[in-house]
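Engineer:
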Amino acid sequence: MKKPIVAILYDFDKTLCTRDMQEYTFIPSVGMEPDDFWAETSVVAQREQMDGILTYMYCMMEKAEEAGNPLKREMLVECGKDVEYHPGVEGWFDRINEYGKKAGVEVEHYILSSGLKEIIEGTTVAKYFKKIYASEFLYGPDGKAKWAKMAVNYTNKTQFVYRINKGVLDICNNFDLNTSTPEWDRRVNFGNMIYLGDGLTDVPCMKLVKQSGGHSIGLYPKGEKAEAQPLLKHDRVDWIFEADYREGSELDTAMKDLLEKLAYDNRLSELSDKQKKEL
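In the working numbering, the protein residues as written are 25 to 303.
1) Cutting at 8 Å between CB atoms, please list the residues of its own chain near K168, excluding the five before and the five after it.
2) From the DSSP output, in three-state form, read off L193 for me.
3) Do K170 and L162 have their C-beta atoms within less than 7 Å of each other?
4) In or out: N216 buried (at least 16 other Cβ within 10 Å) or exposed?
5) Can you list the alpha helix (DSSP H) stretches of 4 or more residues lying completely in the stretch 87-134, in chain order?
6) If you measure between the beta carbons of I32 and H133, is that distance less than 7 Å?
7) Please confirm whether F117 and I135 have their CB atoms less than 7 Å apart.
8) Any contact between the stretch 190-205 and the stretch 220-237? By contact I mean 3 or more CB pairs, one from each, below 8 Å.
9) To the nearest angstrom, how far is the alpha carbon of S236 from that of F214?
10) Between L40 and V113, is the Cβ-Cβ spacing less than 7 Å?
11) Assuming L283 and Y34 make a contact with CB atoms under 8 Å, what is their CB distance in whole Å?
12) Let me check understanding here. Comparing Cα to Cα, which of A287, Y80, S66 lies closest to V176?
13) Who are S240's beta bridge partners in DSSP?
14) Rounded C-beta distance between L78 and E142? I'm assuming under 8 Å.
15) Would you tell me roughly how many angstroms separate the C-alpha atoms of M174 and S138, rounded to the nearest one?
16) Check whether the Cβ atoms of A278 and V129 lie closer than 7 Å to each other.
17) Assuming the contact rule is C-beta atoms closer than 8 Å, R260 and S240 should be a hit. Round their C-beta distance to whole Å, please.
18) Using the beta-carbon count (16 or more within 10 Å), is S159 buried or exposed?
19) With a 10 Å radius around its C-beta and 16 neighbouring C-beta atoms as the bar for buried, classify G104 as buried or exposed.
20) Where DSSP assigns a beta bridge to F161, which residues make up the other side?
21) Using a Cβ-Cβ cut-off of 7 Å, state whether Y82 counts as contacting chain D.
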């Protein structure tokens, strides 16, 4: 019998890595401090009444050009090598996959990020994701970034939850995404989804997954639990944990318990369906 699929959906910045991905290599490469870069993007966004994601992408292009090193795809992919993770991230995926297999479910991992796909693709963990949904540049014949091919903000992130639910992963396939599909014919049930995020920009996805029968988890850096408590207080998430992915951590233990629970839930649901068919 085919195992039910459990989809774990991750934000990236501050969820898997310790800070915004542009801060490790790109921002220093254009001679700026992170606080100064983000402050400038905020000013531009307010002045032009511009989407925040499009603004930071525009500012990256401008600053790279001014620094005499125009933005190119290979440069951004290279930046991924310098990304620093929360404890245990690199060993997390194989361990959780194996635990899910033993529990009786097939685990898939997805990224839903407002950060840059190119940088994520350059990280050591990129190979573990079935699909990376993130912002991305369009490049011209000369290899230089020309436009924003994809800008993922905190609200349009939710479309990717539906894409994963229906198994319509191609972002250009809107017909199948919007075609009515019965619950039993969807590739990943909402109840089999787990969303991991770190803050307010994750709230729409957290709420969508949670209200649709799945589970959402809020993460925080060591010593900063108070920052995540409002997510729990206002019912955005089911639990909050320190962003510690090492074996035996609270997050690791809870995820394994959740995989066991989902495996049991799916077996009982299948039994109920079988009995109904026999009536």
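Built from N, CA and C at the ideal position, the CB exists for glycine as well. Everything numeric in this text was worked out from a predicted model, so none of it was measured.
Structural biologist: Put simply:
1) Same-chain partners within the cutoff: P94, L95, K96.
2) L193: coil per DSSP, three-state reduction.
3) L162 is positioned such that its CB atom lies closer than 7 Å to that of K170.
4) Counting of Cβ neighbours within 10 angstroms places N216 among the buried residues, the total reaching 16 or more.
5) The qualifying runs are 97-103, 113-127.
6) With respect to H133, I32 sits close: the two C-beta atoms are nearer than 7 Å.
7) No.
8) With the cut-off at 8 Å, the stretch 190-205 and the stretch 220-237 do not touch.
9) If you take the alpha carbons of S236 and F214, they lie about 6 Å apart.
10) V113 is positioned such that its CB atom lies closer than 7 Å to that of L40.
11) Actually they do not touch by this definition, with Cβ atoms about 15 Å apart.
12) The residue from A287, Y80, S66 with its alpha-carbon nearest to that of V176 is Y80.
13) Paired residues: Y219.
14) Wrong, their Cβ atoms sit about 16 Å apart, outside the cutoff.
15) M174 and S138 have their C-alpha atoms some 10 Å from each other.
16) For the 7 Å CB-CB criterion, A278 and V129 do not form a contact.
17) Right, the Cβ-Cβ distance comes to about 7 Å (below 8 Å), so this counts as a contact.
18) S159 comes out buried.
19) It counts as buried.
20) Note: F161 sits in a beta bridge opposite A172.
21) Among the protein chains of the structure shown there is no chain D, as only one such chain exists.
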